[in-house]
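Residue numbers (our numbering): 26 to 466.
Encoded structure:
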């Protein structure tokens, strides 16, 4: 036992030394070369190069440009706890994430280069808790994730007037402009098997046109902060944080984010479509967000055991979420509640606080910020369902015996996760003072 304690002390000391010895690394797509030293005066050209040489605690500064990944694979793998700051001018003399756009905007023609990543930015540290990094603080700041040009969209189906694309397609590409099916990946993903004890902050980022969850963070130990981001037009869940340690509690915060147009899993609009979800062994503080226009619900609390998690859901603006603002398990059923009925949830398992939430009073505040054509099509969206019974002997027999008939159900929807203009997603920063994403500083 003494030997093990001594080893842990040495490991912790080594980790502290690495953090004190951390350095700044610079990347500029237009000015850099991968043979450079990675300094401000001689930056690397590509982010993957910087990630490959970075040590624990290093800070990578990334200039404007669309970074495609190694061999245009469309993804990046972070295997050491480092921070990434985007939004710099090409020479690093200025920083403004909305003007000098540091983008991850992969192309459909490169979807065959999948490799070993499940996210555009894939975090995966050591699997052994003894070898995994400890005591780190990761910051991901000022990046734009846009999977809208890697996805496949139908040429005509589900294409409202004035739209650039038809509906999003999970299966084989049916548009001549698309070589491959949609990538169907997370924007930022942290691997479930990854181990590490430290904190992560994601702020001032934009997540638009995500082909799967925007954020899927499976975090082992530490704290998670999701603050001041825009999530617009992503599939299934925009913000999902889980605790990958079965024996500890993960504390996380989701604050001052604007989360709009989270779509369902499929175009039948039957399941998922959540802005935010809390999970077992997680204590979440969700406050001062703008949560609206999500296909199913704004906040989902139905996953896992409600008695093994805590949620503080305070001072958020909810508006026009399609089925409900909150859904949660109230045994033996699932309750779907609008913001004016939140008082009924004060004694529900897992809800520690649910105060100060409001419905949007004046939608005019979004004039010129939400794409008007997209909003109109979403609010006017039509959904239909047709059943076609199979006229064979089995159904004939079922009919005679009074049994339910079997058949097929076909659902149609006149839009589904169509590509949203990135420039309009950026306009959502600063829409409402104190609520949602503010202008990046």
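Positions of the beta carbon are idealized from the N, C-alpha and C atoms, including for glycine.
Checklist entry - Around the Cβ of residue 335, are there at least 16 other Cβ atoms within 10 angstroms (buried) or fewer (exposed)? => result buried
Item to check | DSSP-derived helix/strand/coil call for residue 189 | outcome: coil
Item to check | N-terminal and C-terminal residue of the beta strand (DSSP E) that residue 361 is part of | outcome: 358 to 362
Checklist entry - How is the beta strand (DSSP E) around residue 277 delimited, first residue to last? => result 275 to 280
Item to check | Option nearest residue 355 by Cα separation, candidates 331, 448 and 337 | outcome: 331
Checklist entry - Would a C-beta distance cut-off of 8 Å place residue 128 and residue 171 closer than the cut-off? => result yes
Checklist entry - Apart from the five residues on each side of it in sequence, which residues of its chain come closer than 6 Å, Cβ to Cβ, to residue 447? => result 171 and 233
Item to check | Paired residues, beta bridge with residue 174 - DSSP | outcome: Beta-bridge pairing links residue 174 to no other residue.
Next on the checklist: Would residue 47 and residue 88 be called neighbours here (beta carbons separated by less than 8 Å)?
Outcome noted: no
Checklist entry - Which partner residues does residue 162 have in the DSSP bridge list? => result 224
Item to check | Inter-residue Cα distance where the pair is residue 290 and residue 177 | outcome: 15 Å
Next on the checklist: If distances are taken between C-alpha atoms only, which option among 261, 265 and 158 comes closest to residue 219?
Outcome noted: 158
Next on the checklist: If we require 3 or more residues per run, which beta strand (DSSP E) segments fall completely within the stretch 292 to 324?
Outcome noted: 299 to 302, 307 to 312 and 315 to 317
Item to check | DSSP state of residue 423 mapped onto helix, strand, coil | outcome: Its pLDDT being 48, under 50, residue 423 is placed unreliably in this model, and the coordinates cannot settle the point.
Checklist entry - Out of 230, 238 and 374, which has the shortest C-alpha to C-alpha gap to residue 122? => result 230
Checklist entry - Whose C-beta lies closer than 6 Å to the C-beta of residue 146 among residues of the same chain, with five residues either side of it excluded? => result 101 and 213
Item to check | the stretch 242 to 249 contacting the stretch 177 to 187, beta-carbon criterion three pairs below 8 Å | outcome: no
Checklist entry - Is residue 462 closer than 8 Å to residue 281 when the C-beta atoms are compared? => result yes
Next on the checklist: Assuming contact is defined by CB atoms lying nearer than 8 Å, are residue 59 and residue 69 in contact in what I supplied?
Outcome noted: yes
Checklist entry - Between the C-alpha atoms of residue 346 and residue 274, what's the straight-line distance to the nearest angstrom? => result 30 Å
Item to check | Distance between beta carbons of residue 266 and residue 304, contact taken as under 8 Å | outcome: 7 Å
Checklist entry - Start and end of the alpha helix (DSSP H) containing residue 448? => result 447 to 451
Checklist entry - For residue 135, does the three-state DSSP call read helix, strand or coil? => result helix
Next on the checklist: Less than 7 Å between C-beta atoms, sequence neighbours within five positions excluded: which residues of the same chain meet that for residue 348?
Outcome noted: 321, 322 and 361
Item to check | Residues of its chain near residue 126, where Cβ-Cβ distance is below 7 Å and the 5 sequence neighbours each way are ignored | outcome: 89 and 169
Checklist entry - Alpha carbon to alpha carbon, what distance is there between residue 404 and residue 370? => result 28 Å
Next on the checklist: Distance check for residue 296 and residue 286, CA to CA, integer angstroms please.
Outcome noted: 14 Å
Next on the checklist: If you reduce the DSSP assignment to three classes, tell me which class residue 335 lands in.
Outcome noted: strand
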